[in-house]
Amino acid sequence: MRTLNILNFQKQPEGSEIIYLGGDDIEDGVRSCAPGEWCFFKANDRDLIGFVNPFSSEKNNIVVFNDKEKDPRKLIERNISNAIKYRAKFSSYTGCSRLIYGEADLLPGLICDEYENVIVLQINRAGLDQHREFIRGCISKRSQKKVVIFDSAKERAKEGLPDFQLDELPEEVKILDSGISYSLNKKQFQKNGYYYDHRENRLKLESFLEKLNESPTKGLDLFCYLGSWGFHALRANVEHMTFVDQANMQENIVNTAEINKVNGSRFEFIRDDVFKCLDKFIASNKRFDLIISDPPAFAKSFKSKKSALQGYDKLNLKLLSIADDCAYIVVASCTKYVDLKELDQSFKKSAKKASKKVRLLDIGTQGYDHPISSLDSRNNYIKYLLYFSENV
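In the working numbering, the protein residues as written are 3 to 394.
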């Protein structure tokens, strides 16, 4: 492996386990590197290891590990092993969890989710893509389950990586989360399949609902996908849930209800654009006393933050417009460029416009299988806010 010299190493955050650099941070030689090429890096009196991708669209296209290991495969295998051992500490995560969470597990660009009948990998960084079959093998020897690579073409395009034939998924991906079993048809499989990141928040909501003297009667799960929020609410004795998603999730939700012995009279599924559906509810004066909103990310970059906040303002106003007097509203977000305080401010501003009095009852962040090093971490993106709303 060639050796590259790092300039201004002292500018890196103290204690950083992974260091992201750009071409200007390296003395020379970056442009001649192959995509994902592993190199040695000299930083003052230290010798480190990392990889370079001169064709990446990311500003910081050089990844350096603040680590003594000098063999890429040994480093990868050790970090995979450590990630899996960490998840094994949580008994409720055994068999179904996010096994590897990219940078948080010192494996940037590698996402791995485990289900009951399959393990799904996504590789989005050139340096790890150089070792894709080795990575699959490292995980396979630690599990009896089939390991499939199901890359994201969109994410790989940022790295200038080629598209490979996706591995074949099972016809039905089986998931067990907090005692609820889900069946996901491979045709509706999104990203890595199931969203474990709000696991603890769904349990928090369920526990809260169970403590109420009177359970909500009309619940609404927006952007529902597999209906995870709604099924937790149903298990907490909410009388009826309406699931809404623009994707055709009817069959998946019906199958999940049957598996968990939920009576079909207790739920309905509406396939529609959520914003249009909310407008219809407003026009027909339909009201709910439990509303759960967990939309996809409203911003993919910091430049889009302003429009994302405007999107939340618009959505929150619609939520409050269909809230019955004395309603509970969950505002969930996976937009990492909008923080918890900004999300709360958006909701409070909308409440004022809607002439509603609101109280913030609970907050939450991502589950233990989506660890973060600090509140400033770029991996800190999940927000959960639970409000009580009443008419003024």
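For glycine and all other residues, C-beta sits at the position ideal for the given N, C-alpha and C.
Check: Val65 C-beta below 7 angstroms from any heavy atom of the ligand SAM: This structure lacks the ligand SAM; in fact it carries no ligand of any kind.
State the DSSP-derived secondary structure class of Val256, mapped to helix, strand or coil. Helix, per DSSP.
Taking the straight line between their C-alpha atoms, what separation do you get for Asp27 and Asn10? Going from the Cα of Asp27 to the Cα of Asn10 covers about 7 angstroms.
Residue ranges of each beta strand (DSSP E) run of no fewer than 3 residues wholly in the segment 172-233, ordered along the chain? With a minimum length of 3 residues, the continuous beta strand (DSSP E) runs that stay inside the segment 172-233 are 174-179, 182-187 and 220-224.
Taking the C-alpha atoms as reference points, what is the distance between Asp281 and Ile51? Across the structure, Asp281 and Ile51 are spaced so that their CA atoms are roughly 54 angstroms apart.
Going by DSSP, which residues form a beta bridge with Thr244? Beta bridge pairing from DSSP links Thr244 with Leu222 and Glu270.
Where the alpha helix (DSSP H) through Val482 begins and ends: This structure gives no information on residue 482, because the portion of the chain shown stretches from 3 to 394.
Test item: CB-CB of Asp179 and Phe152 under 8 angstroms: Not closer than 8 angstroms, so no.
Assuming Leu224 contacts Val240 under a Cβ cut-off of 8 angstroms, what Cβ separation, rounded to an integer in Å, is found between them? For Leu224 against Val240, the beta-carbon gap comes to about 15 angstroms, at or over 8 angstroms, which does not count as contact.
Pick helix, strand or coil for Cys336, following the three-state DSSP scheme. The answer is coil: DSSP assigns Cys336 none of H, G, I, E or B.
Taking contact to mean 3 or more Cβ pairs, one atom from each stretch, closer than 8 angstroms, check whether the segment 128-144 and the segment 184-194 are in contact. No, the segment 128-144 does not touch the segment 184-194.
Run the CB neighbour count on Pro164, radius 10 Å, all protein chains shown included, and call it buried at 16 or more, exposed below. With fewer than 16 other CB atoms across the displayed protein chains lying within 10 angstroms of its CB, Pro164 is exposed.
Just reading off the beta strand (DSSP E) that Asp315 is part of, what are its end residues? Premise fails: Asp315 lies in the alpha helix (DSSP H), Lys307 to Ser323, not in any beta strand (DSSP E).
Which residues in the same chain as Ser217 place their Cβ atom closer than 6 angstroms to its Cβ, once the five residues preceding and following it in sequence are excluded? Only Asn239 and Val240 meet the Cβ criterion.
Can Ser227 and Met251 be called in contact, C-beta distance under 8 angstroms? Checking the sequence, you will find Tyr at residue 227 rather than Ser. Yes, Cβ-Cβ distance for Tyr227 and Met251 is below 8 angstroms.
Sequence-distant residues of its chain with Cβ nearer than 7 angstroms to Ala356 (five each side left out): Taking C-beta separations shorter than 7 angstroms and ignoring five residues to either side along the sequence, the partners of Ala356 in its chain run Leu319, Leu322 and Ser323, following chain order.
Proximity of Glu116 and Cys140 at Cβ, strictly below 8 angstroms: No. Outside cutoff.
Go ahead and pull the three-state DSSP assignment for Phe349. It is helical.
Drop a sphere of 10 angstroms on the beta-carbon of Ala155, count the other beta-carbons inside from all chains shown, and report buried for 16 or more, exposed for fewer. Around the beta-carbon of Ala155, fewer than 16 other beta-carbon atoms lie within 10 Å, marking it exposed.
Report buried or exposed for Gly266, applying the criterion of at least 16 other Cβ atoms within 10 angstroms of its Cβ. The residue in question, Gly266, is exposed, as its Cβ has fewer than 16 Cβ neighbours within 10 Å.
Could you tell me whether the Cβ of Asn381 comes closer than 8 angstroms to any Cβ of chain D? Included in the structure is just one protein chain, with no chain D present.
Grab me the residues of Arg158's own chain with a C-beta within less than 7 angstroms of its C-beta, minus the 5 sequence neighbours each way, in chain order. Excluding sequence positions up to five before and after Arg158, its CB lies within less than 7 angstroms of the CB of Asn126 and Asp165, all in the same chain and listed in chain order.
Kindly indicate which three-state DSSP category Asp416 falls into: helix, strand or coil? Here the chain covers residues 3 to 394 and nothing more, so residue 416 does not appear.
Taking 6 angstroms as the limit between beta carbons, can you name the residues of its chain near Lys307, skipping five residues before and five after? Ala301 and Tyr339, listed in sequence order.
Residues of its chain near Ile86, where Cβ-Cβ distance is below 7 angstroms and the 5 sequence neighbours each way are ignored: Within the same chain, Leu101 and Arg144 come within 7 angstroms of Ile86 by CB-CB distance, once the 5 residues on both sides are set aside.
Beta-carbon proximity of Ile137 to Leu112, cut-off 8 angstroms: In this structure, Leu112 lies closer than 8 angstroms to Ile137 by Cβ.
Cβ shell of Lys350 (< 8 angstroms), same chain only, five flanking positions each side left out: If we look at Lys350 and ignore the five residues flanking it on each side, its Cβ neighbours are Val360.
Could you say if the segment 272-279 and the segment 204-211 meet the contact criterion of at least three C-beta pairs nearer than 8 angstroms? Judged by Cβ distances under 8 angstroms, the segment 272-279 makes no contact with the segment 204-211, as fewer than three pairs qualify.
Do you know offhand how far Asn105's Cα is from Cys41's? Residue 105 is actually Glu in this sequence, not Asn. Taken atom to atom, the span from the alpha-carbon of Glu105 to that of Cys41 is near 19 angstroms.
Extent of the continuous beta strand (DSSP E) to which Ser142 belongs: No beta strand (DSSP E) contains Ser142, which is instead part of the alpha helix (DSSP H) from Arg134 to Ser142.
Which one or two residues does DSSP pair with Gln124 in a beta bridge? Answer by DSSP bridge pairing, in chain order: Ile113.
Quick one: what's Glu39 bridged to in DSSP? DSSP lists Val54 as partners of Glu39.
Just the C-alpha distance for Asp49 and Pro297, rounded to the nearest angstrom, thanks. If you draw a straight line from the Cα of Asp49 to the Cα of Pro297, it is about 44 angstroms long.
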